[in-house]
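A.B. asks:
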Amino acid sequence: MLDIQKIRADFPILSEKVNGKPLIYFDNGATSQKPQVVIDAEAKYYQEINANIHRGVHTLSQLATDAYEISRVKLQHHINAKFSHEVLFTSGTTHGINLVANGFASILKPGDEVLVSSLEHHSNIVPWQMLCEKTGAVLKVIPINEEGELIISEYESLLSEKTKIVTVNHISNALGVINPVKEMIAKAHAVGAAVLIDGAQAVPHLKPDVQDLDCDFYAFSGHKMCGPTGTGILYGKEAWLNKLPPYQGGGEMIKEVTFEKTTYADLPHKFEAGTPNIAGGIVLGTAVDYLNEVGFGNIQLQEKKLLEHATKRLLEIEGLRIYGNGKNKASVVSFNIDGIHPYDIGSIIDKLGIAVRTGHHCAQPIMNFFCIPGTIRASFSFYNTKEEIDEMVEAVKKAKTMLS
Amino acid sequence: MTIKEIQDEIIDEFSMFDDWMQRYEYIIELGKSLPLIKEEYKTDDNLIKGCQSKVWLQGEQNDDKIVFTADSDAILTKGIIAILIRAFSNQKASDIINADTEFIDEIGLKEHLSATRANGLVSMIKNIKMYALAFDAKNKN
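Chains D and A, in that order, are what the protein sequence lines are.
If you number the first sequence the way the working numbering does, the last residue is 454 and the count never jumps.
If you number the second sequence the way the working numbering does, the last residue is 144 and the count never jumps.
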């Protein structure tokens with residue numbers, strides 16, 4: 051059992067006031083708050099070991115390099131990758147997806163197919179559309195049912211020897227649905243297609259095991275898992291990373307440069323051109339340590355309680371509909387009230403000190419499917435409480451009264 | 004009334020409220036008085052970009068003045084556009100172009116001008132001024 055008050059004390063922002071009210075932060079799906087250890091680690095890096103990495107022979111550069119590489123190994127163990135050079139530091143999920151999509155430009159031929167799901171964030175749609183425009187490949191879409199779940203039988207019938215890559219999120223950002231990715235990966239592999247998993251919304255809630263999933267790529271962001279903004283990881287199987295061409299050219303990613311020809315560095319450096327976000331990369335390791343100390347079992351238990359409580363309490367409100375009602379869900383509730391625009395509710399409950407997200411959540415195809423302009427999304431983290439949810443329910447009721 | 008006089012009147016009305024809730028309730032009320040755009044004008048061309056909710060705005064010339072009508076699918080947005088239309092509709096193009104929009108600040112809607120606010124208040128003002136500029140240019144020709 052988590053001592054929630056003790057956990058909350060780790061996050062200084064949770065005692066801030068917004069619009070004169072104690073902050074109730076339910077926009078964790080957009081970004082999580084940061085514990086003091088993470089904030090301190092960022093400062094400590096600049097105060098004590100700031101230097102450029104991988105090139106200097108001086109002590110400080112060695113210390114910074116060691117810290118950065120230790121963090122890579124931490125992340126490797128966290129996701130159970132086979133090798134640390136399969137773990138690339140990126141600026142976030144979007145960067146990771148673009149890196150892979152860009153690499154596939156040299157693999158795809160006209161008529162090849164790329165399979166995305168209807169549940170994707172725009173950042174897992176647009177790079178693939180761009181890839182298809184460039185290569186003449188065709189983008190195919192896995193549909194969802196009324197509960198917001200991917201229709202697996204449709205997925206199976208879309209898979210063929212033309213499918214070269216399947217890209218799907220582990221957990222949907224807009225609805226919180228957990229997708230059966232392990233099963234989907236096995237099915238894609240059966241037709242020889244590679245699979246990229248967008249893990250941005252999964253990593254705050256669970257510890258992905260990339261070897262067990264057997265995914266070819268797994269991309270996620272640090273800032274959604276208590277880490278700094280502008281950090282992220284792209285996991286790729288060694289064979290794939292060797293096969294893909296570099297994404298960006300520059301320093302750090304080369305073996306030898308002449309004006310006639312440049313040879314590229316080995317993994318992971320081939321994909322890490324330029325000076326990276328060194329502090330961020332190191333502190334992402336601190337964030338992972340923090341989450342593991344709290345324990346993912348504890349996190350899931352607390353979040354399950356919050357999800358059940360929120361679902362039950364919100365449904366007491368007449369005319370309220372929750373989108374995404376599948377059995378497997380993360381602690382996200384996406385909802386609307388009949389006849390009221392989500393923007394109106396969001397604006398009013400913001401005034402009451404509650405931070406939720408309103409809009410299409412960068413997933414317009416899902417909103418089009420449900421024929422709605424957007425939803426109100428409350429996404430909970432392990433540091434949230436049932437009392438906060440009760441406050442939100444009261445605020446939504448108040449907004450509803452004002453707006454009807 | 005001049006634009007300035009109307010703006011002062013709006014500031015006066017809003018000064019009666021001491022908290023945000025009363026202000027918001029009044030904005031919701033004002034939305035109900037919005038001169039509604041005709042259904043046939045609810046086209047993509049008249050849709051204002053930069054809003055989380057949909058806002059349609061249409062301007063028509065009536066003698067030397069511009070008359071605005073609008074609509075939105077969100078209630079608060081409807082109220083905000085109603086306030087703008089009250090200030091700027093039935094005014095001369097040149098007056099609209101030269102009018103300032105400080106009164107938004109004074110009625111406590113400054114936060115809606117911030118870039119993160121997706122209600123598009125900035126875009127609404129820009130579109131109103133664009134109409135005025137276009138009519139002004141047309142009249143000069």
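We put the CB at the ideal spot given by N, CA and C, even for glycine.
Check for me: the beta strand (DSSP E) holding Ile157/D runs from which residue to which?
C.D. replies: Element bounds for Ile157/D: n/a, residue is neither H nor E.
A.B. asks: Can you give the Cα-Cα distance for Thr81/D and Asp400/D, rounded to whole angstroms?
C.D. replies: The straight-line gap from Cα to Cα measures roughly 17 Å.
A.B. asks: From the DSSP output, in three-state form, read off Thr336/D for me.
C.D. replies: helix
A.B. asks: Report, in whole angstroms, the separation of the C-beta atoms of Trp59/A and Lys81/A, which I expect to be a contact under 8 Å.
C.D. replies: Contact flag wrong, Cβ pair sits at about 11 Å.
A.B. asks: Could you give the residue range of the alpha helix (DSSP H) that holds Asn49/A?
C.D. replies: From DSSP, Asn49/A is part of no alpha helix (DSSP H); its letter is neither H nor E.
A.B. asks: Please state the DSSP three-state secondary structure of Val152/A.
C.D. replies: There is no way to answer for residue 152/A, as the model of chain A reaches only from 4 to 144.
A.B. asks: Is there contact here, the stretch 199-207 of chain D with the stretch 248-256 of chain D, by at least three beta-carbon pairs under 8 Å?
C.D. replies: Not touching, per the Cβ criterion.
A.B. asks: On the DSSP letters alone, give me the boundaries of the alpha helix (DSSP H) that Thr279/D sits inside.
C.D. replies: Note, Thr279/D: premise wrong, no alpha helix (DSSP H); not H, not E.
A.B. asks: According to DSSP, is Glu63/A part of a helix, a strand, or is it coil?
C.D. replies: strand
A.B. asks: In terms of alpha-carbon separation, which member of Leu112/A, Ser56/A and Ala102/A lies closest to Thr5/A?
C.D. replies: Ala102/A
A.B. asks: When the distance is taken between beta carbons, is Glu366/D closer than 8 Å to Phe133/D?
C.D. replies: no
A.B. asks: Can Tyr297/D and Asn69/D be called in contact, C-beta distance under 8 Å?
C.D. replies: no
A.B. asks: Who does Gln10/A pair with in a DSSP beta bridge?
C.D. replies: According to DSSP, which records beta bridges pairwise, Gln10/A is partnered with nothing at all.
A.B. asks: Helix, strand or coil: which one does DSSP assign to Ala405/D?
C.D. replies: In the three-state scheme derived from DSSP, where H, G and I count as helix and E and B as strand, Ala405/D is classed as strand.
A.B. asks: Beta-carbon of Asp339/D versus every beta-carbon of chain A: anything under 8 Å?
C.D. replies: no
A.B. asks: Just to make sure I have the definition right: I need the residues of chain D whose C-beta is within less than 9 Å of the C-beta of Glu28/A. Which are they?
C.D. replies: What Glu28/A touches in chain D: Met452.
A.B. asks: Please report the distance separating the alpha-carbon of Ile131/D from that of Asn292/D.
C.D. replies: Residue 131/D is actually Ala in this sequence, not Ile. Their backbone Cα atoms lie some 16 Å apart in a straight line.
A.B. asks: Applying the criterion that 16 or more other CB atoms from any shown protein chain within 10 Å of the CB defines a buried residue, is Ser168/D buried or exposed?
C.D. replies: buried
A.B. asks: So that I know if they touch, is there some Cβ in chain D lying closer than 8 Å to that of Thr184/A?
C.D. replies: Since the displayed chain A opens at 4 and closes at 144, residue 184/A lies outside it and no answer follows.
A.B. asks: Do you know whose CA, among Leu149/D, Leu73/D and Leu225/D, lies nearest Cys412/D's CA?
C.D. replies: Leu225/D
A.B. asks: Does the Cβ of Ser18/A lie closer than 7 Å to at least one heavy atom of the ligand ZN?
C.D. replies: For the structure depicted, the ligand ZN is absent and the ligand set is empty, with no information on it obtainable.
A.B. asks: According to DSSP, is Phe133/D part of a helix, a strand, or is it coil?
C.D. replies: coil
A.B. asks: Using a C-beta cutoff of 8 Å, does Leu79/A count as contacting chain D?
C.D. replies: yes
A.B. asks: In chain A, what lies closer than 8 Å to Gly424/D by C-beta?
C.D. replies: At a C-beta separation below 8 Å, Gly424/D has these neighbours in chain A: Gln55.
A.B. asks: Could you tell me whether the Cβ of Lys274/D comes closer than 8 Å to any Cβ of chain A?
C.D. replies: no
A.B. asks: Can a CB atom of chain A be found closer than 8 Å to the CB of Lys67/D?
C.D. replies: So no, Lys67/D is outside the interface.
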